[in-house]
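First the structure, in the form of structure tokens, and then the observations on it.
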Amino acid sequence: MKPPKVVFVCQECGAQAPKWMGRCTDCGAWNSLVEERVGDPPAVAAATNRYAQLGAGGTAKLYADVDIADALRLSTGIGEFDRVLGGGVVPGSLVLLGGEPGIGKSTLLLQAAAHFARAAGPVLYASGEESEHQIKSRGDRLNVGEAPIYLLAETCIERILEEIARLKPALVIVDSVQTVFSIKFQSAPGSIGQVREAATQFLFAAKGQNIPTVLVGHVTKDGSLAGPKVLEHVVDTVLSFEGERHHAHRVVRAVKNRFGAVSELGVFEMTGVGLRPVPNPSMLFLSERASGTPGSAVLCCVEGSRPILVEVQALVSASTYGNPRRMAIGLDQNRLSLLLAVLEKRAGLNLAGDDVYVNIAGGMSVDEPAADLGVVAAVASSMRNRSLAGSTAVFGEVGLSGEIRGVPQAALRVREAVQMGFSRIVMPAANIDVRETAGEGDCELVGVRSVGEALDHLLT
Ligand code: TYD
Ligand code: MG
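Under numbering that gives the first Met the number 0, the sequence shown has 360 at position 361, and the numbering climbs by one with no breaks.
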């Protein structure tokens with residue numbers, strides 16, 4: 000008998016090598032090569048042939064003749080989830096939902112499946128992680144009730160595909176792509192070959208039979224999706240499920256979306272009866288704000304197309320050691336250092352001997368430049384021990400020469416702040432012309448040009 004052919008595959012980039020090496024010569028990752036057995040030649044031949052499935056009836060169509068009606072969307076029945084998908088599930092699309100263990104991926108999908116099954120038809124929920132019993136006992140808490148959901152505790156891709164062909168469901172959920180395996184490969188589930196195979200097989204099933212499919216993906220320690228990058232290229236939409244373990248709220252973010260805007264955001268709260276959509280996140284993030292305390296500023300940020308008000312908290316205290324600490328939670332550390340330098344040099348705040356801690360309350364994280372003015376305001380407020388007026392909100396980018404620069408979607412931010420009852424907004428002078436479009440009502444808009452000017456208006 001011929002010994003089985005063995006290759007070593009990099010788990011980061013998918014490159015193959017004939018022998019083991021400590022470092023992948025393609026992508027440079029260390030210790031990423033894993034031994035995989037190559038299937039028999041007939042299996043490989045079959046594997047190449049199946050690519051033909053996708054191109055059924057493959058004649059070129061004239062742009063004008065393509066029917067847009069095909070691109071209709073199906074609602075999942077959960078408004079916040081539809082929003083991140085760009086308005087609902089597109090038939091035949093392949094969605095990857097990634098997130099840390101225990102964040103609520105299975106919960107969200109089971110809830111969505113229940114709504115979807117009632118409205119659009121049967122759903123197949125294939126789980127390689129839990130038994131039918133476990134899924135059902137969770138479903139009981141989530142009020143799944145009589146919805147036509149077929150449960151399949153199975154890890155073999157070929158078996159799942161058989162069930163898809165038999166049941167012709169309206170939606171397929173595979174929990175998770177790292178636990179399923181194809182009989183064509185000898186390697187263990189979760190290895191790059193298997194993950195890639197799973198993604199390709201489900202892609203063909205989704206496109207070929209026009210059945211939307213959701214794959215659950217695990218994430219690695221550093222928060223990126225486990226498995227090869229190729230997975231992200233194959234699927235139509237990549238959603239990332241985030242949240243702090245110690246907070247009840249969860250955020251679903253679109254990282255890639257062929258059918259909608261990226262960085263679109265859906266906010267949920269984990270309760271005893273599953274995930275509850277939060278239609279008004281500003282209210283959630285500002286609910287525990289103690290207004291009138293120094294070191295707190297309300298910031299209007301925009302995530303995707305959605306404005307959200309968050310509270311920036313800062314604490315400036317005299318440093319006991321020679322080296323002052325600077326710590327940022329929910330914010331880029333380098334951005335904080337930069338802003339502190341601007342405050343020192345351009346606004347005359349002497350922070351050299353102080354520890355500075357900045358936190359975005361409620362476990363949110365913001366990474367847009369428009370957050371700068373909120374950070375600067377909170378730090379200056381804590382430093383001078385003077386509170387900002389409780390009904391003032393801010394936004395604006397801070398430049399290195401201390402100038403306040405205009406930011407995109409200013410009208411959206413103003414409208415959200417007005418809706419949440421803020422009576423004064425300190426914002427970039429360059430954006431002040433939103434007055435005509437934002438409908439600011441009784442709200443006073445203060446346009447500022449420099450950090451110094453902004454602090455004069457904020458700390459009275
Ligand atoms: P789960 O969906 O199993 O996470 P994942 O599939 O991402 O690993 O969610 C599990 C967590 O959610 C678990 O820690 C318990 C919590 N939870 C609730 O708080 N309320 C609920 O109604 C449910 C079903 C789960
Ligand atoms: Mg799960």
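Cβ atoms here follow ideal geometry from the backbone N, Cα and C, with glycine treated the same way.
None of the values given here were measured: they were computed from a predicted structure.
For K18, three-class secondary structure by DSSP
coil
In the DSSP assignment, find the unbroken beta strand (DSSP E) run with S126 in it and report its ends.
V122 to S126
Taking Q10 as the reference, which of E35, E396, K4 and P2 has the closest Cα?
E35
Relative to the C-alpha of V229, which residue among F258, V215, Q418 and R195 is closest?
R195
Please state whether the Cβ-Cβ distance between G97 and G13 is less than 9 Å.
no
Under the three-state DSSP convention, the category V143 falls into:
coil
Can you find the residues in the same chain that come closer than 7 Å, C-beta to C-beta, to A118, ignoring five residues on each side of it along the sequence?
S74 and G76
Under the assumption that P427 contacts G398 (Cβ atoms under 8 Å), give the Cβ distance between them as a whole number of angstroms.
With 8 Å as the limit, P427 and G398 do not qualify as a contact, their Cβ atoms being about 10 Å apart.
Which two residues bound the contiguous beta strand (DSSP E) that contains A429?
It is not in any beta strand (DSSP E) - A429 carries neither H nor E in the DSSP assignment.
Taking 9 Å as the cut-off, decide whether the C-beta atoms of C299 and F203 are in contact.
no
To the nearest angstrom, how far is the alpha carbon of I172 from that of G303?
26 Å
State yes or no: is the C-beta of L109 within less than 9 Å of the C-beta of V143?
yes
Would you list the residues whose beta-carbon is nearer than 6 Å to any heavy atom of the ligand MG, in the order they occur in the chain?
K104, S105, E128 and D174
Mark C26 as exposed unless 16 or more other C-beta atoms lie within 10 angstroms of its C-beta, in which case mark it buried.
exposed
For the ligand TYD, any of its heavy atoms closer than 8 Å to the Cβ of L452?
Sequence inspection shows Glu at residue 452; the Leu mentioned does not correspond to that position. No - the ligand TYD has no heavy atom lying nearer than 8 Å to the Cβ of E452.
Pairwise C-alpha distance: E415 and Q408
11 Å
Residues in its own chain within less than 8 Å of H132 by CB, not counting five upstream and five downstream?
none
How many Å lie between A46 and A197 at the Cα?
With a pLDDT of 48 at A46, under the threshold of 50, the modelled position of that residue is not reliable, and the figure given next carries that caveat. Using only the alpha carbons, I get a separation of about 12 Å.
Measuring CB to CB, does R252 end up less than 9 Å from G265?
yes
Roughly how many whole angstroms lie between the Cα atoms of Q15 and P293?
58 Å
Go ahead and label Y62 buried or exposed: buried means 16 or more other beta carbons lie within 10 angstroms of its beta carbon, across all protein chains shown.
exposed
How many angstroms separate the CA atom of D432 from the CA atom of G321?
46 Å
Since R288 contacts E310 with CB under 8 Å, what's their CB separation in whole angstroms?
5 Å
Could you tell me if N430 is buried or exposed, where buried requires 16 or more neighbouring beta carbons within 10 angstroms of its beta carbon?
buried
Which first and last residues belong to the beta strand (DSSP E) in which D366 is found?
Run containing D366: none; DSSP gives neither H nor E here.
With distances taken Cα to Cα, identify the nearest neighbour of G127 among A146, V357 and L151.
L151
Leaving out the 5 sequence neighbours to the left and right, which residues in its chain are closer than 6 Å to Q200 when beta-carbon positions are compared?
I156
Residue range of the beta strand (DSSP E) that H217 falls in?
T212 to H217
Going by C-alpha distance, which of T106, V6 and H232 is nearest Q185?
V6
Check whether the Cβ atoms of G242 and G362 sit closer than 9 Å, and answer yes or no.
yes
In angstroms with no decimal places, state the Cα-to-Cα distance between V33 and I307.
44 Å
DSSP puts K135 in a beta bridge; with which residues?
DSSP lists no partner for K135.
Between the Cα of Q208 and the Cα atoms of D235, L166 and E231, which residue gives the shortest distance?
L166
Quick test of your reading: F267 and E79, contact by CB under 8 Å. State the CB separation rounded to the nearest angstrom.
6 Å
Continuous beta strand (DSSP E) assignments of at least 3 residues falling wholly in the segment 246–302:
248–256, 264–270, 273–276 and 295–302
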